[in-house]
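Undergrad:
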Ligand SMILES: Cc1cc2nc3c(=O)[nH]c(=O)nc-3n(C[C@H](O)[C@H](O)[C@H](O)COP(=O)(O)O)c2cc1C
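In my numbering, the protein residues as written are 8 to 378.
Below, the structure is given as structure tokens:
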């Protein structure tokens, strides 16, 4: 055992925590959930090539350490769209959240509040924006919306988010229809629609399912950037475009007024065959050229991945399945433990890289591996 091993042991094995690694949390989630719910959470679209590519992309980057420099306790603090964060991590909008734990995004929000992480709260959530906000009044929150269906509905959601103290909006632009998810088809997966209509129940709609269904009415044309820009023109909140994979689309989002770009392929759940999000990050960062903040999701599974994404130009990362695993494994405590383990690993990586904090991460910290 090296002195580093002993330090790690003192921090983690001695802590008496139920979960010492993120993998243990994934295992606990898999053991807890019914098989079809696990498939819904873990699965991707098509033959899941994009789901795999998201992970493989991280493996193609190696670190370039700098020894005899940095800080023993590097800073992970940062900010994003006006929100202070204890580390450059937000939780993704994952809908149908009550499938994983009855408290769903309310438990995620409480964990985030305690750990200084921001929530992106889904439109297709099991609880409403107001209910999630009430669960964690001091937490930083971003409301996720679909630019689909009737514009009145879209504007009403923006008004509700502003009214109950959300800090920003996240507009998911890569979901004009759900992906071709074969695990769900094979499982005949048909959960109770109530798990995705929390927002419409709360709005007092007599038929929350019907209102939600209008979003995905495929007889209606897909929204254009112009229409989206118009619908957001008088929004009191800044917005982030979620689901961007090319410089050209990033350019369109910035032209439409986006304050942030979330480079994402929806965790491999939408267009199978789409490139890994990490591989597209440098192109998007170049196109944005400092005019908007840049976030990345799809494939983040550990603290070292956060460091690689930041080195390649992301300001923050967003975690989907990791947060959902924590939720399924142990509710609020499980999500908190996910954050603690990411932060601890990220700190270790920063120290070993010889960087004093996340703000010192740039492309000099990584190199594409030769093979
Ligand atoms: C169970 C589940 C439900 C999701 N629901 C939504 C959603 O309602 N809206 C959305 O924009 N993205 C949704 N996503 C995608 C996530 O926001 C995020 O892009 C993705 O999970 C990131 O990849 P990762 O899981 O590898 O971290 C969902 C993801 C999962 C796993």
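All C-beta atoms in this analysis are idealised placements derived from N, C-alpha and C, irrespective of residue type, glycine included.
Quick check: the region 147–154 against the region 171–189, are there 3 or more CB pairs under 8 Å?
TA: yes
Undergrad: Let me make sure I understand the geometry here. Which of 363, 335 and 341 has the alpha-carbon closest to that of residue 40?
TA: If you number the chain shown from 1, residue 40 lands on position 33. The residue with the shortest Cα to Cα distance from residue 40 is 335.
Undergrad: How big is the Cα-Cα spacing for residue 293 and residue 284?
TA: Walking along the chain shown from the start, residue 293 turns up at place 286. Walking along the chain shown from the start, residue 284 turns up at place 277. Spanning the alpha carbons of residue 293 and residue 284 requires a straight line of approximately 15 Å.
Undergrad: What do you get for residue 75, buried or exposed, if any count of 16 or more other CB atoms within 10 angstroms of its CB means buried?
TA: As a first step, residue 75 is located in the chain shown; it is residue number 68 there, counting from the start. Exposed, by the Cβ-count rule.
Undergrad: How would you label residue 221, buried or exposed, when you count the other beta carbons within 10 angstroms and need 16 or more for buried?
TA: If you number the chain shown from 1, residue 221 lands on position 214. Exposed.
Undergrad: Quick one: give me the first and last residue of the beta strand (DSSP E) that residue 68 is part of.
TA: In the chain shown, the residue the question calls residue 68 occupies position 61. Residues 68–70.
Undergrad: Leaving aside the five residues before and after residue 26 along the sequence, list all residues of the same chain whose C-beta is less than 8 Å from its C-beta, in chain order.
TA: Position 19 of the chain shown, counted from the first residue, corresponds to residue 26. So the qualifying residues of the chain are 32, 35, 336, 337, 341, 344 and 348.
Undergrad: For the alpha helix (DSSP H) containing residue 355, name the first residue and the last one.
TA: Working through the chain shown from its first residue, we reach residue 355 at position 348. 328–360 is the span of the alpha helix (DSSP H), which, as asked, contains residue 355.
Undergrad: From 91, 81 and 103, pick the residue whose C-alpha is nearest to that of residue 45; which is it?
TA: The residue you call residue 45 lines up with position 38 of the chain shown. Out of 91, 81 and 103, 103 has the C-alpha closest to the C-alpha of residue 45.
Undergrad: Where does residue 89 land, buried or exposed, given buried means 16+ other C-beta within 10 angstroms?
TA: Locating residue 89 in the chain shown gives position 82, where the first residue counts as 1. Burial call: exposed.
Undergrad: If we count the other Cβ atoms within 10 Å of its Cβ and call it buried at 16 or more, is residue 118 buried or exposed?
TA: Along the chain shown, one-based indexing puts residue 118 at 111. Counting C-beta atoms within 10 angstroms of its own C-beta, residue 118 has 16 or more neighbours from the protein chains shown and is therefore classed as buried.
Undergrad: Using CA atoms only, rank isn't needed, just tell me which of 50, 242, 249 and 231 is closest to residue 186.
TA: Taking the chain shown and counting its residues from 1, the one referred to as residue 186 is at position 179. Looking at the Cα atoms, 50 is the closest of the given residues.
Undergrad: Nearest to residue 217 by CA position, among 203, 238, 230 and 228, is which residue?
TA: By 1-based counting over the chain shown, the position of residue 217 is 210. Of the listed residues, the one whose Cα sits closest to residue 217 is 203.
Undergrad: Between the region 318–330 and the region 93–113, do three or more beta carbon pairs fall short of 8 Å?
TA: yes
Undergrad: Skipping 5 residues on each side, what residues in its chain have a beta carbon closer than 6 Å to that of residue 23?
TA: Taking the first residue of the chain shown as position 1, residue 23 is located at position 16. Counting only Cβ-Cβ distances below 6 Å, and skipping sequence neighbours, we find nothing.
Undergrad: Where does the unbroken alpha helix (DSSP H) through residue 259 begin, and where does it stop?
TA: By 1-based counting over the chain shown, the position of residue 259 is 252. 254–262 is the span of the alpha helix (DSSP H), which, as asked, contains residue 259.
Undergrad: Under the rule that 16 or more other beta-carbon atoms within 10 Å means buried, what is residue 250, buried or exposed?
TA: By one-based count along the chain shown, residue 250 stands at place 243. With 16 or more other Cβ atoms within 10 Å, it is buried.
Undergrad: What is the DSSP secondary structure of residue 39, reduced to helix, strand or coil?
TA: Sequence index remark: in the chain shown, residue 39 carries index 32 (1-based). In the structure shown, residue 39 sits in a helix (DSSP, three-state: H, G or I).
Undergrad: At a cut-off of 7 Å, would you count residue 265 as near ligand 1, judging by its Cβ distance to the nearest heavy atom?
TA: Against the chain shown, residue 265 aligns to sequence position 258. Answer for residue 265: no, Cβ out of range of ligand 1.
Undergrad: Just curious, the alpha helix (DSSP H) that residue 312 is in, first and last residue?
TA: By one-based count along the chain shown, residue 312 stands at place 305. Here the alpha helix (DSSP H) through residue 312 covers 310–318.
Undergrad: Leaving out five residues before and five after residue 219 in sequence, what residues of the same chain have Cβ atoms less than 6 Å from its Cβ?
TA: In the chain shown, the residue the question calls residue 219 occupies position 212. Same-chain partners within the cutoff: 204 and 207.
Undergrad: Taking the continuous beta strand (DSSP E) assigned at residue 270, which residues delimit it?
TA: Position 263 of the chain shown, counted from the start, is the residue given in the question as residue 270. Note, residue 270: beta strand (DSSP E), 267–270.
Undergrad: With the cut-off set at 8 Å, would you say residue 295 and residue 268 are in Cβ contact?
TA: As a working mapping, residue 295 is identified with position 288 in the chain shown. As a working mapping, residue 268 is identified with position 261 in the chain shown. Yes. Within cutoff.
Undergrad: With DSSP collapsed to three states, give me the class of residue 226.
TA: One-based indexing of the chain shown puts residue 226 at position 219. It is coil, neither helix nor strand.
Undergrad: In three-state terms, what does DSSP make of residue 187?
TA: Residue mapping note: residue 187 aligns to position 180 of the chain shown, counting from 1. Here residue 187 sits in coil by DSSP.
Undergrad: Are there 16 or more other CB atoms within 10 angstroms of the CB of residue 297, so buried, or fewer, so exposed?
TA: Locating residue 297 in the chain shown gives position 290, counting from the first residue. Exposed, by the Cβ-count rule.
Undergrad: Which value, in whole angstroms, describes the spacing of the CA atoms of residue 280 and residue 60?
TA: Residue numbering aside, residue 280 sits at position 273 when the chain shown is read from its first letter. Residue numbering aside, residue 60 sits at position 53 when the chain shown is read from its first letter. One C-alpha to the other measures close to 9 Å.
Undergrad: Using the Cα positions of residue 244 and residue 138, report the straight-line distance between them to the nearest angstrom.
TA: The residue labelled residue 244 in the question sits at position 237 within the chain shown. The residue labelled residue 138 in the question sits at position 131 within the chain shown. Approximately 19 Å, taken between the alpha carbons.
Undergrad: Distance, Cα to Cα, residue 148 vs residue 303?
TA: Against the chain shown, residue 148 aligns to sequence position 141. Against the chain shown, residue 303 aligns to sequence position 296. Roughly 17 Å between the two C-alpha positions.
Undergrad: With residue 255 and residue 299 assumed to form a contact (beta carbons below 8 Å), what rounded beta-carbon distance in angstroms separates them?
TA: On the chain shown, position 248 is the one that residue 255 refers to. On the chain shown, position 292 is the one that residue 299 refers to. Rounded, the Cβ-Cβ distance is 15 Å, inconsistent with contact.
Undergrad: Mind pulling the beta strand (DSSP E) runs of 3 or more residues that sit fully within the region 118–206?
TA: Listed in chain order, the beta strand (DSSP E) elements of length 3 or more contained wholly in the region 118–206 are 125–128, 148–152 and 175–179.
Undergrad: Do the region 234–241 and the region 80–88 touch if we need at least three Cβ pairs shorter than 8 Å?
TA: no
Undergrad: Could you round the C-beta distance between residue 62 and residue 308 to whole angstroms and report it? I think they count as a contact, below 8 Å.
TA: For the purposes of this step, residue 62 is taken as the residue at position 55 of the chain shown. For the purposes of this step, residue 308 is taken as the residue at position 301 of the chain shown. Rounded, the Cβ-Cβ distance is 7 Å, consistent with contact.
Undergrad: Of the residues 37, 67, 312 and 193, which one's Cα is nearest the Cα of residue 53?
TA: Within the chain shown, residue 53 is the residue found at index 46, counting from 1. Minimum Cα distance to residue 53 is reached at 193.
Undergrad: Does at least one heavy atom of ligand 1 sit under 7 Å from the Cβ of residue 101?
TA: For this step, residue 101 is matched to residue 94 along the chain shown. Yes, since a heavy atom of ligand 1 falls inside the 7 Å radius drawn around the Cβ of residue 101.
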